[in-house]
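Structure, as structure tokens:
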Amino acid sequence: MMTDILSTGTQARQNGARRVVVKLAFFLLLVAAWEALFRAGVWPPYLFPSPSGVARTLVRGFGNQTFLVGIAVSMRRLLVGFVVSAVLGTLLGLALGRVRLLDETLGSLVLGLQALPSICWLPLALLWFGLSEQAILFIVVMGALLSITLSTQAGVKNSDPLFLRAALNLGARGWRLYLLVVLPAALPAIISGMKLGWSFAWRSLMAAELLYVSFGLGQLLMMGRELNDMNQVVAVMLVIIAIGLVVDRLVFAPLETRVRARWGLGE
Amino acid sequence: MKVDLRGVTKVFPGRPGVVALDAIDLGVRPGEFVCLLGPSGCGKSTLLNLVAGLDRPTAGEVLVNGQPVQGPGTDRVVIFQAAALFPWLHVLGNVEFGLRMSGVARGEREAIARRYLRMVNLLEFEHTFVHQLSGGMKQRVALARALALDPEVLLMDEPFGALDAQTRDRLHDEVQNIWSATEKTVLFVTHNVREAIVLGDRVLVMSPRPGRIKREFTIDLPRPRQIENYAVVDLSREILNVLKDDGGQTSPGSR
């Protein structure tokens, strides 16, 4: 029994180590192939950048702080838009999940709008808000809000009705029933919705920032294009990937795992 | 009577509607331990839900302390088969939940919650989360959570149905102790004949479709009773024969 546990432990560790080595080897090979292809000189540098050139641009970009400013501007928009979406989406989802009439009316509207990529709101947003911060925020919110709403609604509808019966039985009523029972019962679904909403918000923001002067990462990307500097384009793309991955792996994934475990929903 | 059902009928809509309970008359005296025994589908859980106020009768009336039941109330607390603890709260948070809803101050409600956690021997687990508890521990927490509200009536809906035999026996002892210490009125639903005999002052045998009370047994064996007592086994044979007449699925409570 004891040796079983020990050996599976070592095995798991060996598997983990193997995976890391395989991944590392794959990416090293990829970069090497990329550099080789660049040196073969098939395409001119303004069409096909080299990894070393991209690395130099990254170092310079972070050194003279242009990248940091871009990241700060984009992250601020993302955070504001996401927080607004999270609060509104949770409230709206709660209402849709509990009130049948709202579900049948507003619910189908939300479902329909969810099919629209949020960047399609840009023409309207520009008319309503002009070339402004609000226009970008509007697009970010339209990207994240609906998926958070729909997940919250599903979470409220699908959570175990026994929780509600037990809570009523123990005297919970009114807003406390919602805040202390309905909402936490739906929390696993709400967190999944927020994870999804975050990635939608991120995509919407980048799309919006690409389309007009905005000082964010999107503009740095377009600036690379205008200067014919493919190194900058690819460097900014890498930064965008890195931010997406870091937030997903360091914030949402651990949160989701912990909540699901505590709620007894398994892996 | 503490709990009084008069001509209670419950029909679940459909074509044809299901008559879950058919003109039930039942009186439960204060401090009495009454077991409702029957196969699944005989309406015993429905009856409990009506007393709890989680459901309404189609006809007839349900009285508690002579007052008609209007909805759920903390004078009657249900213990469900799936303990229905809140996984987002730790054990203490679960036990004090009802007190928190009725506005008891934090210090006081924690003291009360701890008193009942001690009663079910789980005091050292007060900060444990629900997913880390075994099935038997969950039911003990649910019991403490119900007792913390000091309800006059405890409604237990097959609370030990999903537990292994050993854990169940230990909980039978605990329930008998707590019942004699607190003098609660208990309505206990089960499909386990010996469990009903070990716990009940009276055992009401129900039959399904339509749900009716078929026979009533008064159990005057000395307490505390154990599931392997000869008297319990003898009586269970007699009750099983009554149940067999409907071909109902009921376990004799053997292991």
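Chains A and B, in that order, give the protein sequences. Counting from 1, position 31 in the first sequence corresponds to residue 31 in our numbering; the numbering is continuous, with no gaps. Counting from 1, position 101 in the second sequence corresponds to residue 1101 in our numbering; the numbering is continuous, with no gaps. Note that CB positions come from ideal geometry on N, CA and C, so glycine has one too.
Do the CB positions of B:Asp-1025 and B:Thr-1009 come within less than 9 angstroms of each other?
No, the Cβ-Cβ distance between B:Asp-1025 and B:Thr-1009 is not below 9 angstroms.
Run through the segment 1151-1204 of chain B for me and flag every whole alpha helix (DSSP H) of 4 or more residues, listed as ranges in chain order.
Runs found: 1165-1182, 1193-1199.
In angstroms with no decimal places, state the Cα-to-Cα distance between A:Gly-143 and A:Met-194.
One C-alpha to the other measures close to 11 angstroms.
Looking only at DSSP bridge pairs, what is B:His-1090 linked to?
Paired residue(s): B:Phe-1129.
Flag B:Ser-1102 as yes if its beta-carbon sits less than 9 angstroms from any beta-carbon of chain A, otherwise no.
B:Ser-1102 counts as touching chain A.
How many Å lie between B:Val-1077 and B:Arg-1168 at the Cα?
It is roughly 21 angstroms from the alpha-carbon of B:Val-1077 to the alpha-carbon of B:Arg-1168.
Can you give me the C-alpha to C-alpha distance between A:Asp-288 and A:Leu-238, rounded to a whole angstrom?
With chain A covering only 1 through 267, there is no way to say anything about residue 288 of chain A.
For B:Val-1078, return the contacting residues in chain A, with the cut-off set at a CB-CB distance below 8 angstroms.
The answer, in chain order, is Arg-165, Ala-166, Asn-169.
Would you say B:His-1172 lies against chain A (beta-carbon separation less than 9 angstroms)?
No, B:His-1172 does not count as interfacial toward chain A.
Over the uninterrupted alpha helix (DSSP H) stretch that includes B:Ala-1111, give me the two end residues.
That run of the alpha helix (DSSP H) goes 1106-1119.
For a quick check, are the C-beta atoms of A:Gly-264 and B:Pro-1087 less than 9 angstroms apart?
Yes. Within cutoff.
Please work out which residues of its chain come closer than 7 angstroms, Cβ to Cβ, to A:Pro-117, disregarding the five sequence neighbours upstream and downstream, and give them in chain order.
Around A:Pro-117: no qualifying Cβ.
If contacts are defined as beta-carbon pairs under 8 angstroms, then B:Gly-1098 and A:Gly-171 qualify, I think. What distance do you get, rounded to the angstrom?
The pair is a contact, with the Cβ atoms about 6 angstroms apart (cut-off 8 angstroms).
Are B:Val-1326 and B:Ser-1236 closer than 9 angstroms when you measure CB to CB?
As shown, chain B starts at 1001 and ends at 1255. That puts residue 1326 of chain B outside it, with no answer to give.
Thinking C-beta only, is B:Leu-1117 closer than 9 angstroms to B:Glu-1126?
By the CB criterion at 9 angstroms, B:Glu-1126 and B:Leu-1117 fall inside the cutoff.
Determine the chain A residues that contact B:Leu-1221 at a beta-carbon separation under 7 angstroms, and present them in chain order.
Under the 7 angstroms cutoff, chain A gives no residues; its nearest Cβ is about 32 angstroms from B:Leu-1221.
Can you tell me the Cα-Cα spacing of A:Leu-150 and A:Gly-218, whole angstroms?
Between A:Leu-150 and A:Gly-218, the C-alpha separation is close to 28 angstroms.
Taking C-beta pairs closer than 9 angstroms, name the residues in chain A that B:Leu-1054 reaches, listed in chain order.
Per Cβ cutoff of 9 angstroms: Arg-165, Leu-168, Asn-169.
What residues from chain A crowd round B:Pro-1072, counting only those whose CB sits closer than 7 angstroms?
Neighbours of B:Pro-1072 in chain A, taken as residues whose beta carbon is under 7 angstroms from its own, are Leu-168, Asn-169 in chain order.
is_contact[B:Gly-1098, chain A] using C-beta, thresh 9 angstroms:
For B:Gly-1098, the nearest CB of chain A lies under 9 angstroms from its own CB, placing it at the interface with that chain.
Extent of the continuous alpha helix (DSSP H) to which B:Ala-1052 belongs:
From DSSP, the alpha helix (DSSP H) with B:Ala-1052 extends over 1044-1052.
Determine the contact status of A:Val-156 and A:Leu-68, defining contact as a CB-CB distance below 9 angstroms.
No. Outside cutoff.
Are the segment 1026-1036 of chain B and the segment 1185-1201 of chain B touching by the rule of at least three beta carbon pairs closer than 8 angstroms?
Here the segment 1026-1036 of chain B makes contact with the segment 1185-1201 of chain B; the two share three or more CB pairs at distances below 8 angstroms.
Would you kindly check if the distance between the Cβ of B:Val-1130 and the Cβ of A:Arg-262 is under 9 angstroms?
Cβ atoms of A:Arg-262 and B:Val-1130: closer than 9 angstroms.
Across which residues does DSSP place B:Phe-1033 in a beta bridge pair?
Under DSSP, B:Phe-1033 takes part in a beta bridge, and its partners are B:Val-1186.
Kindly indicate if chain D contains any beta-carbon less than 9 angstroms away from that of B:Arg-1114.
Of the chains in the structure shown, none is chain D; the protein chains are A and B.
Taking a cut of 9 angstroms between CB atoms, which residues from the segment 181-213 of chain A lie near chain B?
Taking 9 angstroms as the Cβ-Cβ cut-off against chain B, the residues of the segment 181-213 of chain A that qualify are Val-181, Pro-184, Ala-185, Leu-187.
Whose C-beta lies closer than 6 angstroms to the C-beta of B:Asn-1241 among residues of the same chain, with five residues either side of it excluded?
So no residue of the chain qualifies.
Contact set between A:Leu-162 and chain B, taken where Cβ atoms lie within less than 8 angstroms:
For A:Leu-162, the C-beta contacts it makes with chain B under 8 angstroms involve Phe-1080, Ala-1082, Ala-1084, in order along the chain.
So is B:Ile-1213 buried or exposed if we call it buried at 16+ other beta carbons inside 10 Å?
It is buried - the Cβ of B:Ile-1213 has at least 16 other Cβ atoms within 10 Å.
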